[in-house]
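Read the structure below first, then the notes.
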Amino acid sequence: MKRSILCAVLILAFGAAGADELSDAAAALNAKNYPQALALYSRLAGAGNPEAMLRLGEMYWYGEGAPLDRAKGDALFAQAAAAGNQAAVAATSLSRDRQQRLADIAYWTTGYDGADLVAGKFNCVAPEFPEFSQTKRAVTATSEAADAYTACYNGFIDHLQSVMPPGKAIPEAVTLLMSEQELRQATEHLGKVYAAVAARAKLTADQTLEKRDKWMAKTTDYLTTQKLREKQYLDDMERQRVSNNGAIDIATRAQPRK
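Be aware that the sequence shown starts at 3, since it is given in our numbering, and climbs by one per residue.
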């Protein structure tokens, strides 16, 4: 069974045959052979076995391998509790607890929107990129902003992985009050939300990476061109200096001697 109300259950045997049938019923339930499990637990519960009453009650209460019927499950829990099964005593409060947490169940099955996944330190705001940067200071500032965004995005991915598989984030106290169908619905809902959040984040990351690459290419081109221009300017200045020195020398030599 996917969950158990008991922390530890003592099999209350009433003869070797009864104990064997309880084991067979448990094995059938674990193997999801629900028709066999339902038949065995029903017969044993009818014969007065408290453990079978508890397990049969769970099948009805959760709708696991039996038609969902919480009233019938509650009745079986009460019978098992009256017979001294301590786990059944705890189970008798399930319906009351469920009523108190219906809003939580609705939240996880339909209301969860994944806002917590992109909140706080995982709210990764993409940096703005100029067409190109002209100074070392501007290049450094833009590069650091891009690196900070990348680190934030990687942290978001790690955080998203930490709540996988879908359903892991649902508090156990809530899953114990969900039917099988509700738990499947919640798991499917969470899977869709996670996929949508991840897709939006990846789209932003891809667009940011593309903008960064364009900025880097244009900045590199600008700085390279600027450097060549500066070199050309210095070369021209040097040629002009040499030319001027030569003109001065010629002019000096051309002056008549006194």
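Backbone N, C-alpha and C define an ideal beta-carbon position, used for all residues, glycine too.
Nearest neighbour of E182, chosen from Y43, Y62 and M166 [CA to CA]: In the sequence shown, counting from the first residue as 1, residue 182 sits at position 180. The candidate whose alpha carbon is nearest that of E182 is Y62.
As assigned by DSSP and simplified to three states, the class of V120: As a working note, residue 120 is residue 118 in the sequence shown. Reduced to three states, the DSSP call for V120 is helix.
Test item: CB-CB of G116 and Y196 under 8 Å: The sequence position of residue 116 within the sequence shown is 114, counting from 1. The sequence position of residue 196 within the sequence shown is 194, counting from 1. A contact, by the Cβ cut-off of 8 Å.
Report the rounded CA-to-CA distance for T152 versus F124, giving the unit in angstroms. For the purposes of this step, residue 152 is taken as residue 150 along the sequence shown, with counting starting at 1. For the purposes of this step, residue 124 is taken as residue 122 along the sequence shown, with counting starting at 1. The alpha-carbon atoms of T152 and F124 are separated by roughly 11 Å.
Can you give the Cα-Cα distance for L205 and D118, rounded to whole angstroms? For the purposes of this step, residue 205 is taken as the residue at position 203 of the sequence shown. For the purposes of this step, residue 118 is taken as the residue at position 116 of the sequence shown. The alpha-carbon atoms of L205 and D118 are separated by roughly 19 Å.
For the candidate residues N87, A33 and K194, whose alpha-carbon lies nearest to that of G59? Reading the sequence shown from its first residue, position 57 is the one you call residue 59. Checking every option, the nearest Cα to that of G59 belongs to N87.
Apply the 10 Å Cβ neighbour rule to T144 and answer buried if 16 or more other Cβ atoms are within range, or exposed otherwise. As a working note, residue 144 is residue 142 in the sequence shown. The residue is buried, with at least 16 neighbouring Cβ atoms inside 10 Å.
Do three or more CB pairs link the region 167-183 to the region 129-142 at distances below 8 Å? no
Express the C-alpha separation of T94 and F79 in angstroms, rounding to a whole number. Taking the first residue of the sequence shown as 1, we reach residue 79 at position 77. Taking the first residue of the sequence shown as 1, we reach residue 94 at position 92. Going from the Cα of F79 to the Cα of T94 covers about 6 Å.
Beta-carbon separation of P52 and A105 under 8 Å? Here residue 52 refers to the residue found at position 50 when the sequence shown is read from its first residue. Here residue 105 refers to the residue found at position 103 when the sequence shown is read from its first residue. Not in contact: P52 and A105 (Cβ atoms no closer than 8 Å).
Using only the alpha-carbon positions, how far apart do F131 and A33 sit? Within the sequence shown, residue 131 is the residue found at index 129, counting from 1. Within the sequence shown, residue 33 is the residue found at index 31, counting from 1. Each residue's alpha carbon lies about 57 Å from the other.
Selection from D26, L225, V120 and P168 that minimises the alpha carbon distance to C154: On the sequence shown, position 152 is the one that residue 154 refers to. With distances taken between Cα atoms, C154 lies closest to V120.
Since H275 and T112 should fall inside the 8 Å C-beta cutoff, what is the C-beta to C-beta distance between them, to a whole number of angstroms? The structure shown has nothing for residue 275, since the chain only spans 3 to 260.
With M55 and Q81 assumed to form a contact (beta carbons below 8 Å), what rounded beta-carbon distance in angstroms separates them? Position 53 of the sequence shown holds residue 55. Position 79 of the sequence shown holds residue 81. Taking a contact as a CB-CB distance under 8 Å, the pair M55 and Q81 counts as one, their CB atoms being some 5 Å apart.
Closest to R202 by C-alpha separation, out of F158, M180, D149 and R45, would be which residue? Translated into positions along the sequence shown, residue 202 becomes position 200. In terms of CA proximity to R202, F158 leads the group F158, M180, D149 and R45.
Does the Cβ of M263 have 16 or more other Cβ atoms within 10 Å, making it buried, or fewer, making it exposed? Residue 263 cannot be examined here, being either before or after the span of the chain that is shown, 3 to 260.
Quick check: what's the CA-CA separation for A72 versus A108? Taking the first residue of the sequence shown as 1, we reach residue 72 at position 70. Taking the first residue of the sequence shown as 1, we reach residue 108 at position 106. Looking at the sequence itself, residue 72 is Arg, so the reference to Ala does not match. Rounded to the nearest angstrom, the two C-alpha atoms are 18 Å apart.
Counting only runs of 4+ residues fully inside the region 157-181, write out the alpha helix (DSSP H) ranges in chain order. 174-177
Run of the alpha helix (DSSP H) containing L46, from where it starts to where it stops: As a working note, residue 46 is residue 44 in the sequence shown. Looking at the DSSP string, the run of the alpha helix (DSSP H) that includes L46 is Y36 to G48.
Could you tell me if S135 is buried or exposed, where buried requires 16 or more neighbouring beta carbons within 10 angstroms of its beta carbon? Within the sequence shown, the letter at position 133 stands for residue 135. Buried: at least 16 other Cβ atoms inside 10 Å.
Cutoff 7 Å; reference D215; Cβ partners in own chain excluding five residues on either side: In the sequence shown, counting from the first residue as 1, residue 215 sits at position 213. Closer than 7 Å at Cβ, skipping near neighbours: no residue.
If G67 and Y36 are in contact, beta carbons under 8 Å, what's the gap, nearest whole angstrom? Here the question's residue 67 lines up with position 65 in the sequence shown. Here the question's residue 36 lines up with position 34 in the sequence shown. That pair is a contact at about 3 Å.
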